[in-house]
Ligand SMILES: [Fe+2]
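Residue numbers (the UniProt record's numbering): 1 to 303.
Below, the structure is given as structure tokens:
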């Protein structure tokens, strides 16, 4: 049984045309399919057909997120484990998402819908598999090589955290605890070897704090900040360094009000690493190490 990565997110975008333009030319994702109500996009170094689906909607937010599992039979195994854990599942037929096979869908205690899938069409990363150059021509905008992680919100942080740990084998890299020293305000969870594939924070049920794309270097973050300035994008926070995960980062909003992040750095996470704990009185430092200011908008705005 293996979850390989956060495979895709489906975002609701009320500001339709402007949001498509933004994800293609400001973030720099590549369009792979479009119908009346959806646009499918991928980051340049991803081989799969898509990692971000934009959905025409009345309000912003996360429609669902999906983990890609390695083997077809993982769908059966995880479905059984979810059912035994007391979580209802539903099968999404092949082809419901363009270029994808069957998926298993379920809801976590914080309200988000998660899907698992293994089959998706490969379209390549624009480079040959023999003697490739380091990057393809024609990249635009921030041009992240990949979708990396997301931060979801809800009341029952503990419930979603436990489910991801006990059913799927996620480990906890870091956590912020409330005054009692135990109750989690937020958890950073990984199943790969990144400091987080998904994080969970107390907030409105079903909420999305941000989706994050990876950039290679600190200078890429500075360039992303320039692009934000040049395109009059709504900047939320940064560039800063997180105490939590040690990433260097910048946060901003898409034209529909969904928060995005581009970041680099952080450490390699191993499943036998001990969990790092941040106390609530130091959360400012955890979020923004230089100025220790978590920022009011950063901690209160979700989509
Ligand atoms: Fe993040």
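Idealized CB from N, CA, C, for every residue including glycine.
N-terminal and C-terminal residue of the beta strand (DSSP E) that residue i is part of
i	result
residue 117	113 to 117
residue 207	207 to 214
residue 283	No beta strand (DSSP E) contains residue 283, which is instead part of the alpha helix (DSSP H) from 283 to 287.
residue 265	259 to 265
residue 236	234 to 241
residue 123	Run containing residue 123: none; DSSP gives neither H nor E here.
residue 202	198 to 202
Reduced DSSP category for residue i - H, G, I as helix; E, B as strand; rest coil
i	result
residue 188	strand
residue 27	helix
residue 278	strand
residue 150	strand
residue 292	coil
residue 246	coil
residue 303	coil
residue 225	helix
Residue range of the unbroken alpha helix (DSSP H) whose run includes residue i
i	result
residue 300	296 to 300
Counted within 10 angstroms of its Cβ, other Cβ atoms place residue i as buried (16 or more) or exposed
i	result
residue 93	exposed
residue 211	buried
residue 91	exposed
residue 117	buried
residue 83	exposed
residue 189	buried
residue 76	exposed
residue 108	buried
residue 300	exposed
residue 271	exposed
residue 175	buried
residue 303	buried
residue 186	buried
residue 131	exposed
residue 256	buried
residue 7	buried
residue 125	buried
residue 258	buried
residue 217	exposed
heavy atom of ligand 3 below 6 Å from residue i C-beta
i	result
residue 173	Ligand 3 is not part of this structure, which contains only ligand 1.
**Request:** May I ask you to verify whether the region 133 to 149 touches the region 86 to 103, counting CB pairs closer than 8 Å and requiring at least 3?
**Result:** These segments do not touch.
**Message:** Please give the ranges of any alpha helix (DSSP H) in the UniProt domain "VOC" (5 to 119), keeping only runs that are unbroken, at least 4 residues long and fully inside the region.
**Reply:** List check, alpha helix (DSSP H) in window: 16 to 21, 73 to 85.
**Stretch pair the region 244 to 256 + the region 211 to 222: three plus CB contacts closer than 8 Å** = Touching, yes, given that three or more Cβ pairs across the two stretches are closer than 8 Å.
**Request:** Quick one: which unbroken alpha helix (DSSP H) runs of 4-plus residues sit fully inside the region 125 to 176? Chain order, please.
**Result:** Within the region 125 to 176, the complete alpha helix (DSSP H) runs of at least 4 residues are 157 to 168.
**Message:** Taking contact to mean 3 or more Cβ pairs, one atom from each stretch, closer than 8 Å, check whether the region 193 to 208 and the region 125 to 139 are in contact.
**Reply:** Contact fails: fewer than three Cβ-Cβ distances are below 8 Å.
**Request:** Mind the definition here: the region 8 to 19 touches the region 56 to 72 only if three or more C-beta pairs lie below 8 Å; say whether that holds.
**Result:** With the cut-off at 8 Å, the region 8 to 19 and the region 56 to 72 touch.
**Request:** Report yes or no: do three or more beta-carbon pairs, one from the region 25 to 45 and one from the region 151 to 165, lie closer than 8 Å?
**Result:** Between the region 25 to 45 and the region 151 to 165 there are fewer than three C-beta pairs closer than 8 Å, too few to call the two in contact.
**Prompt:** Counting Cβ pairs, one atom from each stretch, are 3 or more of them under 8 Å apart for the region 62 to 73 and the region 19 to 30?
**Reply:** The answer is no - the region 19 to 30 does not touch the region 62 to 73, with fewer than three Cβ pairs under 8 Å.
**Request:** Determine contact between the region 278 to 296 and the region 229 to 243, defined as no fewer than three beta-carbon pairs at a distance below 8 Å.
**Result:** Flag = yes, the region 278 to 296 and the region 229 to 243 touch.
**Request:** Would you check if the region 279 to 287 and the region 175 to 185 touch, i.e. whether three or more CB-CB distances between them fall below 8 Å?
**Result:** Flag = yes, the region 175 to 185 and the region 279 to 287 touch.
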